[in-house]
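Count along the sequence shown from 1, then add 9; that gives the number in the numbering used here. Even glycine gets a Cβ: it sits at the ideal position worked out from N, Cα and C. Below: the structure, in structure tokens.
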Amino acid sequence: MDWSSTSEINFEIINQAGFKCISEENDFFIDLTPSKDHTVLFDQASDTEQIFNYVELPWNSQKHWDNVKDNLKTLKNRLKIQKEYLLIELAISRYHRAKQNYKNIEKLFQGSSDEQSNYWLDKLIPKIADLVLESAEIIQKQIPILKSNSNHSISITKKQSACILANAFFCTFENRFGKLNPPSMPFFNLNQMFDMSSEHRNSAKIEKLKCIMAYFERVTDSEPAGVLTYSRFSLKNEDKSLFENSSKKIRKTVFMKKGKIEDCTGAIQVDFANKFIGGGVFNSGCVQEEIRFVICPELLVSLLFMERMSEHECILIRGAERFADYTGYSDSFRFKDKVVDKTKKDKHERILCDVLAIDAHRFWKRSDQFSEKYFWREIFKSYAGFSANYKPIDEKETVLPYIATGNWDLIQLISASVADRDLVYFTFGNEDLCNELEYINSLLVKKSMSVADVVKFNKNTKISLCIRDVH
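As structure tokens, this is what we get:
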């Protein structure tokens, strides 16, 4: 299925607003040139040894790697004789030390047709194992950890991405789960997804596994071609005067009651992230970020090397392909179908899809929205994402594309106006909210309100521009 054909977005309204989109002719993103700020994992000249700590890869420990390889080779041989999904659990449990069950592997297979299950056991699982077995040859360089307060990018091939995700599937990362996991890093194995520790949101785990299987079906069917770039940006300073003294006018925003952020091709698409990128994607989490990461599994690779975000940072990912469509949200989330992503590529063979991860603060108490502390926290967080220098200033020959966002808050209008960015704001079917926000924005624009005016108004009246929690 071509998922782009099912979009509910009215792109004509966006075009009429004059918003500039990402295209081959208008590409704002960094090139693939290795530098001190850019590790190109498939370029032998790219060297960051003196700068970074590195991810502990499964093949860094020869004893562990030999154990992994022996068990996956045994799995492949046994599946030729006995088509039994319990063999997957048996193989993983012989080198993966987590104390858990693997009941969701059973549920995944039992909930699928005989034809689907037989294909997975006969063809797909051995191919995923092959990706693991060839990983050390495909990924010959160390992968740097992108720490908090750094500005750095990592580019990898889609084949390297597939190898990394195959290792996550077979839980080969020794110290990326449970108490062994570094406290500043996300977890990085599928062991929690395989574990049915409770019925709470367990159905979401199964549906997310179906999305991941759809990904592996495609990338093992033919050699994946293309490149992905994962970038971390840190705001250099948090200067309130940039907003309090700004004469820039509040920009006109396009509001959409229908459509989804991920369907807004040509835009930078906001991921309302957890400070640990990916959030609970490898566990039971199943809201905006987790859903986006399983329908575009190459986004999951970022969890391997991204430290948690500080309050003035963002993460941008270029090139993640979409492999699945879905229905529902949270407990009602369901895998719908495999899809073919027909989005065009840039000159470096990266799909022209840019996902911007910024972690909004979750307000547990409504009164917190009126706090000056949180007002500035949200201002600087959104501004970090909207203003990140994707190319050096002297290299920019493009107009920065518009940003597709959602129910964070109208503080985004302030940040976007200072950063000279256009916004398309989705309210996800909430017509009343869409009309309310459109009215407020049109009033600000009609009265030619400056950023400084709006900041002053918010402080003096204590009327929060935070509309609602994004989660």
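Query - Among Y239, V303, D46 and N76, nearest to R327 - alpha-carbon criterion - result: Proximity to R327 across Y239, V303, D46 and N76 peaks at Y239, based on C-alpha coordinates.
Query raised in the report: Quick one: Cα of K490 to Cα of I259, how far?
Result: Past the boundaries of the shown model lies residue 490; the chain is included only from 10 to 480, so the question cannot be answered.
**Report entry** Burial state of I402 (16 or more Cβ within 10 Å)
**Finding:** In this prediction, I402 scores a pLDDT of 49, lower than 50, which makes its location untrustworthy; the coordinate-derived value is nonetheless stated afterwards. Result: exposed.
Requested in this report: Quick one: measure Cβ to Cβ for A329 and V290, integer angstroms, because I've assumed they're closer than 8 angstroms.
Outcome: The pair is not a contact, with the Cβ atoms about 13 angstroms apart (cut-off 8 angstroms).
Query raised in the report: Cα separation between I23 and E322?
Result: Computed Cα separation, rounded: 28 angstroms.
Query raised in the report: With 16 as the cutoff for other CB atoms within 10 Å, does P192 come out buried or exposed?
Result: With fewer than 16 other beta carbons inside 10 angstroms of its own, P192 counts as exposed.
Report task. May I ask you to report which of helix, strand or coil DSSP gives K465? Result -> Residue state, collapsed to three classes: helix.
Requested in this report: Give the secondary structure of H42 by DSSP, where H, G and I count as helix, E and B as strand, and everything else as coil.
Outcome: Reading the sequence as shown, one finds Thr at residue 42 and not His. It is coil, neither helix nor strand.
**Report entry** Spatial distance of N292 from L325 (CA atoms)
**Finding:** For N292 and L325, the distance between alpha carbons rounds to 23 angstroms.
**Report entry** H47 (DSSP reduced to helix, strand or coil)
**Finding:** In this structure, DSSP gives H47 an extended state, which the three-state scheme calls strand.
Query raised in the report: Do you know offhand how far F61's Cα is from F186's?
Result: Distance between the alpha carbons of F61 and F186 is about 22 angstroms.
Query raised in the report: Assuming K492 and A234 make a contact with CB atoms under 8 angstroms, what is their CB distance in whole Å?
Result: Nothing about residue 492 can be read from this structure; the chain reaches only from 10 to 480.
Query raised in the report: Are the segment 46-53 and the segment 150-164 touching, with three or more C-beta to C-beta distances below 8 angstroms?
Result: Cβ pair count under 8 angstroms is three or more, so yes.
Report task. Assuming F384 contacts N467 (C-beta within less than 8 angstroms), just tell me the rounded distance between them. Result -> The beta-carbon separation of F384 and N467, rounded to 7 angstroms, stays under the 8 angstroms limit for a contact.
Query raised in the report: How many angstroms separate the CA atom of E447 from the CA atom of K249?
Result: Between E447 and K249, the alpha-carbon positions lie close to 27 angstroms from each other.
Query raised in the report: Can you tell me the Cα-Cα spacing of M222 and S44, whole angstroms?
Result: When only Cα atoms are considered, M222 and S44 end up about 35 angstroms apart.
Requested in this report: Under 7 angstroms Cβ to Cβ from E17, same chain only, skipping five residues before and after it: list those, please.
Outcome: If we look at E17 and ignore the five residues flanking it on each side, its Cβ neighbours are K267 and G268.
Query raised in the report: Got a sec? Which residues, its chain only, sit under 7 angstroms from A457 by beta carbon, not counting five neighbours each side?
Result: It is worth fixing the name first, because residue 457 is Ser in this sequence and not Ala. Here the set comprises K258.
Query raised in the report: To the nearest whole angstrom, what separates the beta carbons of A175 and F281, a pair I think is in contact under 8 angstroms?
Result: About 28 angstroms separates the beta carbons of A175 and F281, which is beyond the 8 angstroms limit, so they are not a contact pair.
Query - Neighbourhood of S333 by C-beta, 8 angstroms cutoff - its chain only, sequence neighbours within 5 removed - result: Note that residue 333 corresponds to Ala in the displayed sequence, not to Ser. Around A333: K219, C220, A223, Y224, V303, I304, F344, K345, D346, K347 and V348.
**Report entry** Sequence-distant residues of the same chain with beta carbon closer than 6 angstroms to D52, five excluded per side
**Finding:** The residues are P43.
Query raised in the report: Which residue from K351, S396, N110 and S459 puts its Cα closest to that of S206?
Result: Of K351, S396, N110 and S459, the smallest CA-CA separation from S206 is found for N110.
Report task. Within its chain, find whatever has a CB closer than 7 angstroms to the CB of K354; leave out the 5 residues flanking it on each side and keep chain order. Result -> Excluding residues within five positions, the ones whose Cβ falls inside 7 angstroms are G235, I360 and L361.
Query - C-alpha gap between W74 and F20, whole angstroms - result: Between the alpha carbons of W74 and F20 lies a distance of about 50 angstroms.
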